[in-house]
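Heads up, the sequence shown is in the working numbering, so the first residue is -5 and it goes up one at a time. Here the structure is laid out as structure tokens; the discussion comes afterwards.
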Amino acid sequence: MKYSLLLIASLMSFSVIAQNDPAAKKVLDGVGAKVKAAKGIIANCQLISISSKGKQTGTKAITVSMKGEKYVVKQGKLEVICDGLNVYSFDGDKTITKTSVAESNNSLNPQKLLSGAYDKDFSYKLLPTPGKFHEIEMKPLDTRKNFAKVNLFIDKAKSSIASAKIMDKSSNVTEFKILNMNFAATLADNMFVFNKSKYPKDVEILD
């Protein structure tokens, strides 16, 4: 679950490359425009773990708060804070891992998932979808990454991400479902500022 949370929270850079599907780009641009226009976003989500044999192995509730390029992701005691420059990942016990946004930019984070913005390390294509959702398949160009692909499901009427399925190299799946999302949330700037005093006194910061 720690891996899943960091995968969700590990942006807004978007380089078009030859492998990418123009039809998918059009859909993602519409999603990105809606997110960029929002003054603040709060999303209540579920993370569902599914084994390679199709068995559900766990469900966790997650809250994502976003304002511009800053975000906070919470799942129980686990927490990830991005202040726009650095990402602080608290393991829920006594360790906080600090990385720069530049270092974490090749991973998935809330802006990438919720805005449909992906950098040059991923290829994507729009799959045939007659229903109410667009489905976009995204694969990392770097095969050393620890996930094989991500399938995004985008509400055609609302131009917003409804869910994502993240498959690892062992065919285990983490399903990321958005239960509700507020695009007009009022979020204080200080909620995106890392404050060591709110964590255990003996917490260790690794950078």
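Heads up, the beta-carbon is just placed ideally off N, CA and C, and yes, glycines get one too.
Using alpha carbons as the reference points, say which of the options lies closest to residue i.
i    : options                : result
I130 : Y118, E73, E63, C76    : Y118
G86  : K68, T168, G78         : K68
L72  : E63, G78, Y82          : Y82
T180 : N80, K61, L79, V29     : K61
I44  : L200, N189, K159, T123 : K159
A182 : K133, L135, K33        : K33
S165 : N80, A31, S46, K20     : S46
E63  : G78, L200, K49, E97    : G78
K49  : F177, L200, V167, I90  : V167
V144 : N189, L135, I75        : L135
I199 : T57, F84, H128, V74    : F84
K150 : T123, M132, K133       : T123
E201 : G70, N80, T57          : The question names Glu, yet the displayed sequence has Asp at residue 201. The residue with the shortest Cα to Cα distance from D201 is N80.
If I measure Cβ to Cβ from residue i and keep anything under 8 Å in the same chain, skipping five residues before and after, which residues do I get?
i    : result
M185 : S59, V66
R138 : none
A178 : A32, K33, G34
Looking only at its chain, what residues have a beta carbon closer than 7 Å to the beta carbon of residue i, apart from the 5 residues adjacent to it on each side?
i    : result
N14  : S117, Y118
G24  : S153
S157 : F147, E169, F170, K171, I172
V187 : D77
F127 : F147, I148, D149, K150, A156
Suppose the cutoff is 6 Å on Cβ atoms and the five residues either side in sequence are ignored; what does the same chain contact list for residue i look like?
i    : result
A142 : M161, K163
L120 : D15, A17, A18, I130
I36  : S59, N176, A179
Does the beta-carbon of residue i have 16 or more other beta-carbons within 10 angstroms, so that it is buried, or is it exposed?
i    : result
G125 : exposed
V29  : buried
A18  : buried
P16  : exposed
L22  : buried
I90  : buried
K20  : exposed
K190 : exposed
K88  : exposed
Does the stretch 39 to 51 touch the stretch 171 to 180, meaning 3 or more C-beta pairs lie closer than 8 Å?
-> yes
Please determine if the stretch 46 to 58 and the stretch 187 to 200 are in contact, where contact requires at least 3 C-beta pairs separated by less than 8 Å.
-> no
Completely contained beta strand (DSSP E) runs for the stretch 2 to 80, where each covers 3 or more residues | 35 to 44, 50 to 61, 64 to 69, 72 to 76
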